[in-house]
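To start, the structure itself, in structure tokens.
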Amino acid sequence: MTSVKEGLGDKRGDILMREQTTPPPASNAAGLQSASVMSGRGREARFLWLVPTVYIIFLMLPIYWLLNMSFKTTNEILGGFSLWPRSFTVASYVEILTNPVWYNGYISSISYVFINTAISVSVALPAAYAFSRYRFLGDKHLFFWLLTNRMAPPAVFALPFYQLYSAINLFDTPWAVALAHCLFNIPLAVWILEGFMSGVPKEIDETAFIDGYSWPRFFVKIFMPLIASGIGVTAFFCFMFSWVELLLAKTLTSVAAKPIAAVMTRTASTSGYELGLLAAAGVLTIVPGAIVIWFVRNYIAKGFALGRV
Amino acid sequence: MLELRNVTKTVGATEHIRDVSLTLQHGSLNVLLGPTLAGKTSLMRLMAGLDVPTSGSVWFDGKDVTGIPVQKRNVAMVYQQFINYPAMTVYENIASPLRVAGAERAKIDKEVRNAAALLKLTPFLDRTPLSLSGGQQQRTALARAIVKNASLVLLDEPLANLDYKLREELRAELPKIFAATGTIFVYATTEPHEALLLGGNTATLSEGRITQFGPTIDVFRRPNDLVTARTFADPPLNTIVLKKSGSSFLLDGGVSLPVPAELAGIADTSYTIGFQPHHLSLARPSPSAVAVRAKVSVTEITGSESFVHLDFADVRWVMLEHGIQVFEPDQTIEVFIDPRHIMVFDANGRSATPTQMLAA
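Sequence order for the protein chains is F and G. UniProt numbering puts the first residue of the first sequence at 1, with every later residue one more than the last. UniProt numbering puts the first residue of the second sequence at 1, with every later residue one more than the last.
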């Protein structure tokens, strides 16, 4: 499979090289004609679209290939090279959406991701407010320490979580994974939200208190609408990181709450290489992320900057 | 009656407010005048209850309100920045204090429309604050302060970020609006002429201390000390250190100012003489005026007035003259000081003239 991909990549590369060799003579000719610097530039500009286009093609290639495979039969995939499905089939998708082994994977993945996002955002909101508005002993150190939680590999925490959750009968439930993912999602949520909150002038809080708002009422009625986009971005990041995390999700579940990514690896090992099925599962795994990205597309850059733009 | 008793506010190692005692009466207009960082905002936050004093106490109508949260006090505050709730319409912004207080719908509507009409906001009630101009945003904030009908209204340089025309208009309007309600009205500003235009009482602030509190005109005319005089002068106060000898102040260089009659008795030593830029003139204002020769440094012409910056001995003076006055730089001209308008301060900066403070 990989060799096929690389082969295609090389071919693309060849085409690219040939295309790139054409422009220089044209621009040289323009340069020879005196006083036509502007037109020379215009000719160069005509090929400027080439670089991003090639880049995007390279980026999209694996996704296209996955989509391509998902509509092929496993035999065709293994049989040889084809740029598009010769015998188009949606059998893989039907299998996934009707077989509980498959769709339960999605359900458990989605449930722990949602639980995690809800916990992370609701816990991070007041914490971020405190970091944004109050000065207290060691606040800066604590704030930085939060972020360092993200720097430890999840594998470090897999064993303690496994033992702890087994002891308190939380093992193999969506809650186990959701709580474990809080380890890295809450610090992230606090950091992003703090950035957004610090963008709201403190005087708005004070004006609300002067008007007579109690803190909870102010927070829900006045403050949260002001950082709505920040909350959206934070929720997206929590969703994303929880959705793509595999190690903890796999370690802390066995049967009942198995995440989709783990289901995918198991199917590959038991019933041979059902590549079409795997590809379809892969496509369906990308879909939720793509949908969520669509909603926060205008704010996402600010989120990556942790709200500090 | 709002009373601050020996209030001090320290943040970290810096003292923002230093031992301030102040009494403000109901229905009074009070101006806090001082340069940036003098502590005007800090003092207002203490009055409002947004901050708790490090030491000292705040009393309202005979009750100690130190440490009582701002929600439980009946105050309104408007900031220099235009602070509104961006997610709400102008109507909801103005209605907000009434809604929180749980007022009836009909009453809210009446109050909001009254305040909006007063501040010419009626056409914008359905818009959100951020879609309005700066002046309209600030008027929304002011309208919210009006509907609250608070017993203490604090305006922290409310007009500083507005354009000239609107500032003039609102400055005349605001004291009238709040005077009718019998509230304690406090207005912070950095501009001496704004304090004079507002009238009422003025407290001059410098480095966290109140240097003087009294009727605005009195503070302006008879400052207790040099710091107050400097705070209450724009363009800056002209000063010069002279030695008193008998009946005149002398500077090595031939300048001699007669000592005002009421100060005849003060000791013969060094004094700082201060006078306002408009008490320095090109024409002899009175037979007793003293002529000095000074070198022109720069002339700023605003149209109806000219500010002539002069170098005299080792000090820099500003002369305010009507009309357009053109001088070459480095030209030496004769100017007159009117001894009737000089202020005399001793070595400690205290006024040598006996003054009375407003009963505290």
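Yeah, the Cβ is synthetic: ideal placement off N, Cα and C, and Gly gets one too.
request  = Quick one: which unbroken alpha helix (DSSP H) runs of 4-plus residues sit fully inside the segment 42-95 of chain F? Chain order, please.
outcome  = 50-70, 74-79
request  = Note down the Cα distance separating Ala235 (chain F) from Asp19 (chain G), rounded to an integer number of angstroms.
outcome  = Translated into positions along the first sequence, residue 235 (chain F) becomes position 235. Translated into positions along the second sequence, residue 19 (chain G) becomes position 19. Computed Cα separation, rounded: 49 Å.
ask   = Would you say residue 339 (chain F) reaches chain G, if we count a Cβ-Cβ gap shorter than 8 Å as a contact?
value = Because chain F is modelled from 1 through 309, residue 339 (chain F) falls outside the range shown and cannot be assessed.
ask   = Are the C-beta atoms of Ile231 (chain F) and some chain G residue less than 8 Å apart?
value = For the purposes of this step, residue 231 (chain F) is identified with residue 231 of the first sequence, where counting begins at 1. For Ile231 (chain F), the answer is no, since every Cβ of chain G falls outside 8 Å of its Cβ.
key: Rounded distance between the beta-carbons of Phe275 (chain G) and His341 (chain G), thought under 8 Å   = Counted from its first residue, the second sequence places residue 341 (chain G) at position 341. Counted from its first residue, the second sequence places residue 275 (chain G) at position 275. At roughly 6 Å, the Cβ-Cβ gap stays under 8 Å, so His341 (chain G) and Phe275 (chain G) are in contact.
message = Can you confirm whether Ile83 (chain G), when its beta carbon is compared against all beta carbons of chain F, has any partner nearer than 8 Å?
response = Here residue 83 (chain G) corresponds to residue number 83 of the second sequence, with the count starting at 1. Output row for Ile83 (chain G): interface = yes.
ask   = Roughly how many angstroms lie between the CA atoms of Met197 (chain F) and Thr89 (chain G), to the nearest whole one?
value = Reading the first sequence from its first residue, position 197 is the one you call residue 197 (chain F). Reading the second sequence from its first residue, position 89 is the one you call residue 89 (chain G). Met197 (chain F) and Thr89 (chain G): Cα-Cα distance of roughly 21 Å.
message = Counting only beta-carbon separations shorter than 8 Å, does Ser57 (chain G) have a partner in chain F?
response = Residue numbering aside, residue 57 (chain G) sits at position 57 when the second sequence is read from its first letter. Not an interface residue.
message = Can you list, in chain order, the residues of its chain with a C-beta nearer than 6 Å to that of Ala76 (chain G)? Leave out the 5 residues immediately preceding and following it.
response = Walking along the second sequence from the start, residue 76 (chain G) turns up at place 76. Answer for Ala76 (chain G): Ala145, Lys148, Ala150, Val153, listed in chain order.
query = Under three-state DSSP, which class holds Met88 (chain G)?
reply = Here residue 88 (chain G) refers to the residue found at position 88 of the second sequence. In the structure shown, Met88 (chain G) sits in coil (DSSP, three-state: anything other than H, G, I, E or B).
ask   = So, are the CB atoms of Val325 (chain G) and Thr302 (chain G) less than 8 Å apart?
value = Within the second sequence, the letter at position 325 stands for residue 325 (chain G). Within the second sequence, the letter at position 302 stands for residue 302 (chain G). Note that residue 325 (chain G) is Gln in the sequence shown here, rather than Val. For Gln325 (chain G) and Thr302 (chain G), no; Cβs fall outside 8 Å.
ask   = Does Ile210 (chain F) get closer than 8 Å to chain G when you measure Cβ to Cβ?
value = Here residue 210 (chain F) is taken as the residue at index 210 of the first sequence, counted from 1. Interface residue, yes.
query = Contact between the segment 41-58 of chain G and the segment 179-198 of chain G: three or more CB pairs below 8 Å?
reply = yes
message = Looking only at its chain, what residues have a beta carbon closer than 8 Å to the beta carbon of Phe157 (chain F), apart from the 5 residues adjacent to it on each side?
response = Locating residue 157 (chain F) in the first sequence gives position 157, counting from the first residue. Excluding residues within five positions, the ones whose Cβ falls inside 8 Å are Ala180, Leu183, Leu248.
message = Against chain G, which members of the segment 213-227 of chain F pass a CB distance test of less than 8 Å?
response = Tyr213, Ser214, Arg217, Ile222, Pro225, Leu226
request  = Find the nearest neighbour of Gly195 (chain F) within the set F:Asp211, F:Ala305, F:Ala45, F:Met60, judged by alpha-carbon distance.
outcome  = Sequence index remark: in the first sequence, residue 195 (chain F) carries index 195 (1-based). Out of F:Asp211, F:Ala305, F:Ala45, F:Met60, F:Ala305 has the C-alpha closest to the C-alpha of Gly195 (chain F).
task = Report the three-state DSSP secondary structure of Ala256 (chain F) (helix, strand or coil).
result = Within the first sequence, residue 256 (chain F) is the residue found at index 256, counting from 1. Coil, per DSSP.
ask   = Which of the residues in the segment 28-61 of chain G, read from start to end, lie with their CB under 7 Å from any CB of chain F?
value = Ala48, Leu50
ask   = Is it the case that the Cβ atoms of Leu246 (chain F) and Ile96 (chain F) are separated by a distance below 8 Å?
value = Sequence index remark: in the first sequence, residue 246 (chain F) carries index 246 (1-based). Sequence index remark: in the first sequence, residue 96 (chain F) carries index 96 (1-based). No, these two residues do not count as a Cβ contact at 8 Å.
inquiry  = From the DSSP secondary-structure annotation, give me the bridge partner or partners of Glu262 (chain G).
reply    = In the second sequence, counting from the first residue as 1, residue 262 (chain G) sits at position 262. Note: Glu262 (chain G) sits in no beta bridge, so no partner.
query = Using the beta-carbon of each residue, which ones in chain F are nearer than 9 Å to Val186 (chain G)?
reply = Here residue 186 (chain G) refers to the residue found at position 186 when the second sequence is read from its first residue. Here the premise fails: no neighbours, minimum Cβ distance about 14 Å.
inquiry  = If you reduce the DSSP assignment to three classes, tell me which class Val112 (chain G) lands in.
reply    = The residue labelled residue 112 (chain G) in the question sits at position 112 within the second sequence. Note: Val112 (chain G) maps to helix in three-state DSSP.
ask   = Closer than 8 Å, CB to CB, is Ala101 (chain G) near chain F or not?
value = Numbered from 1 along the second sequence, position 101 holds the residue referred to as residue 101 (chain G). Cβ-Cβ to chain F under 8 Å: yes for Ala101 (chain G).
request  = Compute the Euclidean distance between the alpha carbons of Gly212 (chain F) and Ile231 (chain F), then round it to the nearest angstrom.
outcome  = Locating residue 212 (chain F) in the first sequence gives position 212, where the first residue counts as 1. Locating residue 231 (chain F) in the first sequence gives position 231, where the first residue counts as 1. Between Gly212 (chain F) and Ile231 (chain F), the C-alpha separation is close to 25 Å.
message = Within a Cβ cutoff of 8 Å, which residues of the same chain sit near Leu259 (chain F), ignoring the five residues on either side of it in sequence?
response = Taking the first residue of the first sequence as 1, we reach residue 259 (chain F) at position 259. In the sequence as displayed, the identity of residue 259 (chain F) is Pro instead of Leu. Result list for Pro259 (chain F): Gly105, Ser108, Ser109, Tyr112, Val177, Leu246, Ala249, Lys250, Thr253, in chain order.
ask   = How would you list, in chain order, the residues of chain F whose beta-carbon sits under 8 Å from the beta-carbon of Met319 (chain G)?
value = The residue you call residue 319 (chain G) lines up with position 319 of the second sequence. What Met319 (chain G) touches in chain F: nothing, since even the nearest Cβ is about 41 Å away.
Own chain residues within Cβ distance below 6 Å of Val200 (chain F), not counting five before or after = Walking along the first sequence from the start, residue 200 (chain F) turns up at place 200. The answer, listed in chain order, is Leu226.
key: Boundaries (first-last residue) of the beta strand (DSSP E) holding Asn30 (chain G)   = Residue 30 (chain G) sits at position 30 when you count from the first residue of the second sequence. Its beta strand (DSSP E) spans residues 29-33.
query = What is the rounded straight-line gap between the Cα of Met60 (chain F) and the Cα of Leu66 (chain F)?
reply = As a first step, residue 60 (chain F) must be located in the first sequence, where it is residue number 60. As a first step, residue 66 (chain F) must be located in the first sequence, where it is residue number 66. Cα to Cα, the separation comes out at about 10 Å.
query = Mind pulling the chain G residues with CB within less than 9 Å of Thr207 (chain F)?
reply = Here the question's residue 207 (chain F) lines up with position 207 in the first sequence. Per Cβ cutoff of 9 Å: Met77, Val78, Tyr79, Ile83, Asn84, Tyr85, Ser96, Ala141, Arg144.
message = Strictly by DSSP, which residues pair up with Asn201 (chain G)?
response = Translated into positions along the second sequence, residue 201 (chain G) becomes position 201. The partner list for Asn201 (chain G) (beta bridge, DSSP) reads G:Asn30, G:Pro215.
task = Indicate the three-state DSSP secondary structure (helix, strand or coil) for Phe196 (chain F) in the structure shown.
result = Along the first sequence, read from residue 1 onward, the residue named residue 196 (chain F) stands at position 196. In the structure shown, Phe196 (chain F) sits in a helix (DSSP, three-state: H, G or I).
message = In the DSSP output, which residue or residues are listed as bridge partners for Ser245 (chain G)?
response = Position 245 of the second sequence, counted from the first residue, corresponds to residue 245 (chain G). Bridge partners of Ser245 (chain G): G:Ser248.
ask   = Out of curiosity, what's the CA-to-CA distance linking Leu263 (chain G) and Val344 (chain G)?
value = One-based indexing of the second sequence puts residue 263 (chain G) at position 263. One-based indexing of the second sequence puts residue 344 (chain G) at position 344. Distance between the alpha carbons of Leu263 (chain G) and Val344 (chain G): 9 Å.
request  = Using alpha carbons as the reference points, say which of G:Ala294, G:Leu24, G:Asn201, G:Ala143 lies closest to Glu173 (chain G).
outcome  = For the purposes of this step, residue 173 (chain G) is taken as residue 173 along the second sequence, with counting starting at 1. Checked all of G:Ala294, G:Leu24, G:Asn201, G:Ala143; the closest Cα to Glu173 (chain G) is G:Ala143.
inquiry  = Taking only three categories from DSSP, how would you classify Tyr273 (chain F)?
reply    = Residue numbering aside, residue 273 (chain F) sits at position 273 when the first sequence is read from its first letter. Coil, per DSSP.
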